[in-house]
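Asker:
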Amino acid sequence: MFGQVLRAQWKYSRAAVAVFTVLCFAAPLATVYYRPGEVRTGGVPVSSWLLGAERVGAAIPVLALLLGVVFGLGAWAPDTAGRHVYALAMPVPRWHYVLLRFGAGAALTTFPVGSLVAGCLIAAAAVTLPEGVHAYPVQLGLRFGFAVLVCFALIFTLAIATRRAVLGVLGVLGGMVMADVLLGAAGQESVVTETMFRLLTTWPGPLSILIGRWALFDV
Amino acid sequence: MLAIETNDLTYRAGKDFELRELCLKVREGAIYGFLGPNGAGKTTTIRLLLGLQRANSGRISVLGHDVPRHVHRALAETGYVPERPHLYPYLTVGEAIRYHGAFWKGFDHGYAGELIEMFGMPEHQRLARLSKGEMGKLHMLLVLAQRPKLLVLDEPTDGLDPVVRRDVLTALLDFCSQGSTTVFISSHLVHELERICDWVGVLDRGRLVTELPMHSFKQGIKRLRVSRAPSLLGDTPFVLLLREQTPFDEIWVVRGWQAPMTQWFEGAGAELKEVVDLDLEEGFVEMLRASRSTSGL
Numbered sequence: 001m002f003g004q005v006l007r008a009q010w011k012y013s014r015a016a017v018a019v020f021t022v023l024c025f026a027a028p029l030a031t032v033y034y035r036p037g038e039v040r041t042g043g044v045p046v047s048s049w050l051l052g053a054e055r056v057g058a059a060i061p062v063l064a065l066l067l068g069v070v071f072g073l074g075a076w077a078p079d080t081a082g083r084h085v086y087a088l089a090m091p092v093p094r095w096h097y098v099l100l101r102f103g104a105g106a107a108l109t110t111f112p113v114g115s116l117v118a119g120c121l122i123a124a125a126a127v128t129l130p131e132g133v134h135a136y137p138v139q140l141g142l143r144f145g146f147a148v149l150v151c152f153a154l155i156f157t158l159a160i161a162t163r164r165a166v167l168g169v170l171g172v173l174g175g176m177v178m179a180d181v182l183l184g185a186a187g188q189e190s191v192v193t194e195t196m197f198r199l200l201t202t203w204p205g206p207l208s209i210l211i212g213r214w215a216l217f218d219v
Numbered sequence: 220m221l222a223i224e225t226n227d228l229t230y231r232a233g234k235d236f237e238l239r240e241l242c243l244k245v246r247e248g249a250i251y252g253f254l255g256p257n258g259a260g261k262t263t264t265i266r267l268l269l270g271l272q273r274a275n276s277g278r279i280s281v282l283g284h285d286v287p288r289h290v291h292r293a294l295a296e297t298g299y300v301p302e303r304p305h306l307y308p309y310l311t312v313g314e315a316i317r318y319h320g321a322f323w324k325g326f327d328h329g330y331a332g333e334l335i336e337m338f339g340m341p342e343h344q345r346l347a348r349l350s351k352g353e354m355g356k357l358h359m360l361l362v363l364a365q366r367p368k369l370l371v372l373d374e375p376t377d378g379l380d381p382v383v384r385r386d387v388l389t390a391l392l393d394f395c396s397q398g399s400t401t402v403f404i405s406s407h408l409v410h411e412l413e414r415i416c417d418w419v420g421v422l423d424r425g426r427l428v429t430e431l432p433m434h435s436f437k438q439g440i441k442r443l444r445v446s447r448a449p450s451l452l453g454d455t456p457f458v459l460l461l462r463e464q465t466p467f468d469e470i471w472v473v474r475g476w477q478a479p480m481t482q483w484f485e486g487a488g489a490e491l492k493e494v495v496d497l498d499l500e501e502g503f504v505e506m507l508r509a510s511r512s513t514s515g516l
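Residue numbers (the numbering used here), protein chains in the order written: chain A, 1 to 219; chain B, 220 to 516.
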């Protein structure tokens, strides 16, 4: 059963899988755009080289987020298009069907995640690092994989939720922004949106994994 | 034993539509035609039976399983052809069959292969490129190969050309002749159901107007032309569905008519001038008119 769901999901998402697999492979290679040879000859200071590599590496969490969104929506999109009639007429409990879809979508993210790990390993092996600088390809790959899974799970949850639930979430977020705007207009310092953002992006907030340094090379 | 049973099933969708205290009883092995005009609530009833929607109140039992609590058990023995195609358009015919078959334990791949040949289906064609008729045949193929105990077909031939319609109905009847499958088939095409159904239920504006064997439905509804009829009738040996005044006499539409009942008119002081046999479609239309006039709709 899972094999068929995975096969169908692959057929639906294979273009996205291909695009993200290429991007994920290219991203770590781009972090060595700033050549370490120039560091060794004194042309570029180590700190500046690391900063450059880190800036390019900042694209990696963005990729993780995009991957989560595209694959999270894609895992449920075929059923949404059919207004869930086929899905609901299946002779399996609904939680089982949701798990099948989740599993199939999550399984497909292993292609881009794997290609990012491969890209990291190749990038790390391709350069002779300056003294005191280390490469962290496996750690970056694992972190990327976990970030993708978190984003995928969040978006998948929103995708399978009822319209009412989604509107409820959007309503809460909109209400917060509105509260900020109104408080700002009244001359009050508002921290509603800021607090919300902090809660989401600092541990144990679900998006905290996307924040911080995504460096393939570090001291 | 009943394959489908609903008790006082009520469902409301906004202000405009309501299914009211629906009590359906579909016997095992029956081919049950669920008739009704567009918007009567046929599709909604089917969606409730299969747990695709939740009723406001009432009980549903499908193949002995309580719906929606054990709906997946009922669905494991049920083949469902919806009103609109819902299969994944990016799959090929072969892939759609393998996908579908993975979910039903008793799916008969050999029979599916036979049906592919019988219907002349292009196995490597993507579903997005299938014609409406081919899609209708594929839906029927999938549910028949499940070898279900219950088939629920929501206007399965609607919009199909006569050749495809015949193919689909022939396959359905062939399958039914192999076992004791119960078929619940909704349609507004009265003549189509007349040929294949042995029971009929008529739904109008969310209300079950009648539910009876097809032969009773076909034979029992008559249009009578009556003169000098008393205004108060008292007990009648037939069911008077509709009574209309014309300039010279009255038109009655009755159910449960039998020839010896002509004597009743003599006793009542009325004169029966004509008894007109109604075909199924006319009977259906008259029944709806009668239902609407009595319910004040």
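We treat Cβ as the ideally placed atom computed from N, Cα and C, and that holds for glycine.
At the 8 Å Cβ level, is phenylalanine 503/B part of the contact set with chain A, yes or no?
Answerer: For the purposes of this step, residue 503/B is taken as the residue at position 284 of the second sequence. Judged by the 8 Å Cβ criterion, phenylalanine 503/B is not in contact with chain A.
Asker: Going along chain B, which residues have a C-beta under 7 Å from glutamine 4/A?
Answerer: Looking up residue 4/A in the first sequence gives position 4. Those within 7 Å of glutamine 4/A in chain B are Arg317, Tyr318, Ala321.
Asker: Quick one: give me the first and last residue of the alpha helix (DSSP H) that glutamine 9/A is part of.
Answerer: Position 9 of the first sequence, counted from the start, is the residue given in the question as residue 9/A. Here the alpha helix (DSSP H) through glutamine 9/A covers 2-30.
Asker: Taking C-beta pairs closer than 9 Å, name the residues in chain D that methionine 178/A reaches, listed in chain order.
Answerer: Any reference to chain D falls outside this structure, whose protein chains are A and B.
Asker: Quick one: using the 10 Å Cβ neighbour count with 16 as the cut-off for buried, is phenylalanine 467/B buried or exposed?
Answerer: Within the second sequence, numbered from 1, the residue matching residue 467/B stands at position 248. Exposed, because fewer than 16 other Cβ atoms sit within 10 Å of the Cβ of phenylalanine 467/B.
Asker: Could you check whether the Cβ of valine 92/A sits closer than 8 Å to any Cβ belonging to chain B?
Answerer: Taking the first residue of the first sequence as 1, we reach residue 92/A at position 92. Interface residue, yes.
Asker: With a CB to CB cut of under 7 Å and the five nearest residues on each side skipped, what residues in its chain are close to leucine 268/B?
Answerer: As a first step, residue 268/B is located in the second sequence; it is residue number 49 there, counting from the start. Excluding residues within five positions, the ones whose Cβ falls inside 7 Å are Ile223, Ile279, Val281, Val286, Val371.
Asker: Out of Thr455/B, Ile470/B, Gly453/B, Val312/B, which has the shortest C-alpha to C-alpha gap to leucine 461/B?
Answerer: By one-based count along the second sequence, residue 461/B stands at place 242. When only C-alpha atoms are compared, the closest one is Ile470/B.
Asker: Spatial neighbours of isoleucine 440/B within its chain, please: C-beta separation below 6 Å, excluding the five flanking residues on both sides.
Answerer: Here residue 440/B refers to the residue found at position 221 of the second sequence. For isoleucine 440/B, where only same-chain residues beyond five positions count, the Cβ hits under 6 Å are Arg474, Leu497, Gly502.
Asker: Report all residues from its chain with a CB closer than 6 Å to the CB of glycine 270/B; omit the five preceding and five following residues, and keep chain order.
Answerer: The sequence position of residue 270/B within the second sequence is 51, counting from 1. Taken in chain order, the residues that qualify are Val286, Pro287, Val290.
Asker: Which runs of the beta strand (DSSP E) at least 3 residues long sit entirely within the region 233-313 of chain B? Give them in chain order.
Answerer: Correct list: 236-241, 244-246, 250-254, 276-281, 284-286, 297-300.
Asker: Can you find a CB in chain B that lies within less than 8 Å of the CB of alanine 89/A?
Answerer: Looking up residue 89/A in the first sequence gives position 89. Yes, because at least one Cβ of chain B sits closer than 8 Å to the Cβ of alanine 89/A.
Asker: Verify whether the separation of the beta carbon atoms of isoleucine 160/A and valine 98/A is less than 8 Å.
Answerer: Within the first sequence, residue 160/A is the residue found at index 160, counting from 1. Within the first sequence, residue 98/A is the residue found at index 98, counting from 1. Yes, Cβ-Cβ distance for isoleucine 160/A and valine 98/A is below 8 Å.
Asker: At least one CB of chain B closer than 8 Å to the CB of alanine 161/A: is that the case?
Answerer: Taking the first sequence and counting its residues from 1, one reaches residue 161/A at position 161. No, no contact with chain B.
Asker: Starting from lysine 492/B, trace the beta strand (DSSP E) in both directions and tell me its first and last residue.
Answerer: If you number the second sequence from 1, residue 492/B lands on position 273. 490-496 is the extent of the beta strand (DSSP E) around lysine 492/B.
Asker: I'd like the span of the alpha helix (DSSP H) that includes valine 85/A, first residue to last.
Answerer: In the first sequence, residue 85/A corresponds to position 85, counting from 1. Its alpha helix (DSSP H) spans residues 85-88.
Asker: Taking any Cβ of chain B, which residues in the region 189-208 of chain A have a Cβ under 8 Å from it, in chain order?
Answerer: none
Asker: So glutamate 430/B is in the beta strand (DSSP E); what residue range does that whole segment cover?
Answerer: As a first step, residue 430/B is located in the second sequence; it is residue number 211 there, counting from the start. Where glutamate 430/B is concerned, the enclosing beta strand (DSSP E) stretches over 426-432.
Asker: Assuming phenylalanine 217/A and alanine 135/A are in contact, meaning their beta carbons sit under 8 Å apart, how far apart are those beta carbons, in whole angstroms?
Answerer: Locating residue 217/A in the first sequence gives position 217, where the first residue counts as 1. Locating residue 135/A in the first sequence gives position 135, where the first residue counts as 1. Going by Cβ atoms, the distance from phenylalanine 217/A to alanine 135/A rounds to 6 Å, so yes, they are a contact pair.
Asker: Starting from glutamine 464/B, follow the beta strand (DSSP E) in both directions and report where the run begins and ends.
Answerer: To locate residue 464/B, count along the second sequence from 1; it is residue 245. Element bounds for glutamine 464/B: 458-464.
Asker: Pairs of beta-carbons, one from the region 75-86 of chain A and one from the region 98-110 of chain A, closer than 8 Å: are there three or more?
Answerer: Counting Cβ pairs under 8 Å, three or more are found: they touch.
Asker: Identify the contact partners of glycine 82/A in chain B, using a Cβ-Cβ distance below 7 Å as the criterion.
Answerer: Position 82 of the first sequence, counted from the start, is the residue given in the question as residue 82/A. Simply His305.
Asker: Can you find the residues in the same chain that come closer than 7 Å, C-beta to C-beta, to isoleucine 220/A, ignoring five residues on each side of it along the sequence?
Answerer: An answer regarding residue 220/A cannot be provided, because it is not within the stretch 1 to 219 covered by chain A.
Asker: List the residues of chain A that proline 301/B touches, going by C-beta distances under 7 Å, in chain order.
Answerer: Position 82 of the second sequence, counting from 1, holds the residue named residue 301/B. Within 7 Å Cβ-Cβ: Val85.
Asker: Does the distance from the CB of methionine 480/B to the CB of proline 456/B come in under 8 Å?
Answerer: Along the second sequence, read from residue 1 onward, the residue named residue 480/B stands at position 261. Along the second sequence, read from residue 1 onward, the residue named residue 456/B stands at position 237. Cβ distance < 8 Å, so methionine 480/B and proline 456/B count as in contact.
Asker: Counting only beta-carbon separations shorter than 8 Å, does alanine 295/B have a partner in chain A?
Answerer: Position 76 of the second sequence, counting from 1, holds the residue named residue 295/B. True, the Cβ-Cβ gap to chain A drops below 8 Å.
Asker: Residues bridged to serine 405/B by DSSP?
Answerer: In the second sequence, counting from the first residue as 1, residue 405/B sits at position 186. DSSP lists Phe253/B, Asp373/B as partners of serine 405/B.
Asker: Roughly how many whole angstroms lie between the Cα atoms of leucine 228/B and glutamate 240/B?
Answerer: Taking the first residue of the second sequence as position 1, residue 228/B is located at position 9. Taking the first residue of the second sequence as position 1, residue 240/B is located at position 21. Roughly 5 Å separates the two Cα atoms.
Asker: Would you mind reading off the limits of the alpha helix (DSSP H) that contains tryptophan 483/B?
Answerer: Position 264 of the second sequence, counted from the start, is the residue given in the question as residue 483/B. Here the alpha helix (DSSP H) through tryptophan 483/B covers 481-487.
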